[in-house]
């Protein structure tokens, strides 16, 4: 499932579960998407809407091949090998309160990386390992429904390089730079440098190949894109290489 689709699905699931199981989404997170820039830090708020204490676990997963049909996730078993640290990963959230979860890029990656942090509301026996916790968990599993929120996280590379390369005439391109490119417009340019611009919304992550919808490339023309450099916050132009 692509990135934008998953975020909508998570929000819908929360509402759906509340209707079907008479449960409520007693906590939520903000923002649902965040960026760890060159300073190497960001934060997410976990906000309670409940009248009781909630126990929340945070599970961090790396996203591979984001924005493509091959997109998949993988948990990082060894925290010492992770480029991104999330702390705390367990939260006891008091009634009607909020907590800050910090995201820290320990070692900046060579190329931008993408992650998801899952915030799951659990019962106390699952939150703290106690004698007989498995027995207690089985007794309470049918009482309520765990609500899980997912936050999308982008981590900036140590060096920003923007590059987009034409793969073939069918409209496929590959990002051989170090940050994702959120394309806004595509320009078809002649030899004199005059370009005809058209709106084109597409995001291409590093080391991925994406087909630009409705586009085919002519060897005799030059192509440019307009995009936002998310690290600098500036709108920029880039010529596609061949």
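Residue numbers (our numbering): 1 to 242.
Idealized CB from N, CA, C, for every residue including glycine.
Same chain, Cβ closer than 7 Å to residue i, neighbours up to 5 away in sequence not counted
i: residue 157; result: 108, 109, 110, 111, 112, 178 and 179
i: residue 99; result: 46, 91 and 93
i: residue 195; result: 187, 188, 189 and 224
i: residue 20; result: At residue 20, the pLDDT of 41 sits below 50, so the modelled position is not reliable and the matter cannot be decided from this model.
C-beta neighbour in chain D for residue i, strict 7 Å
i: residue 240; result: No chain D appears in this structure, which consists of one protein chain only.
Nonlocal neighbours in the same chain, by C-beta distance under 6 Å from residue i, ignoring five residues either side
i: residue 237; result: 224 and 226
i: residue 59; result: 118
i: residue 241; result: 165
i: residue 71; result: 65
Bridge partner(s) assigned by DSSP for residue i
i: residue 54; result: 93
i: residue 174; result: 165 and 209
i: residue 44; result: 101
i: residue 106; result: Partner(s): none; residue 106 has no beta bridge.
i: residue 85; result: 104
i: residue 181; result: 204
Nearest neighbour of residue i, chosen from the options [CA to CA]
i: residue 152; options: 213, 63, 167 and 202; result: 63
i: residue 162; options: 58, 43, 52 and 234; result: 234
i: residue 216; options: 240, 160, 69 and 169; result: 169
i: residue 201; options: 195, 84 and 183; result: 183
i: residue 38; options: 160, 221 and 89; result: 160
i: residue 211; options: 44, 32 and 67; result: 67
i: residue 232; options: 70, 31, 181 and 88; result: 181
CB contact flag (residue i, residue j, <7 Å)
i: residue 36; j: residue 96; result: no
i: residue 29; j: residue 197; result: no
i: residue 172; j: residue 185; result: no
i: residue 204; j: residue 167; result: no
i: residue 57; j: residue 122; result: yes
i: residue 117; j: residue 86; result: yes
i: residue 103; j: residue 42; result: yes
Distance between beta carbons of residue j and residue i, contact taken as under 8 Å
i: residue 53; j: residue 115; result: Actually they are not in contact, since the Cβ atoms of residue 53 and residue 115 sit about 28 Å apart, beyond 8 Å.
i: residue 207; j: residue 229; result: Not confirmed; about 18 Å, so no contact.
Cutoff 8 Å; reference residue i; Cβ partners in own chain excluding five residues on either side
i: residue 27; result: 46, 47, 48, 49, 50, 54, 56, 93, 119, 121, 147 and 149
i: residue 73; result: 61, 62, 63, 64 and 116
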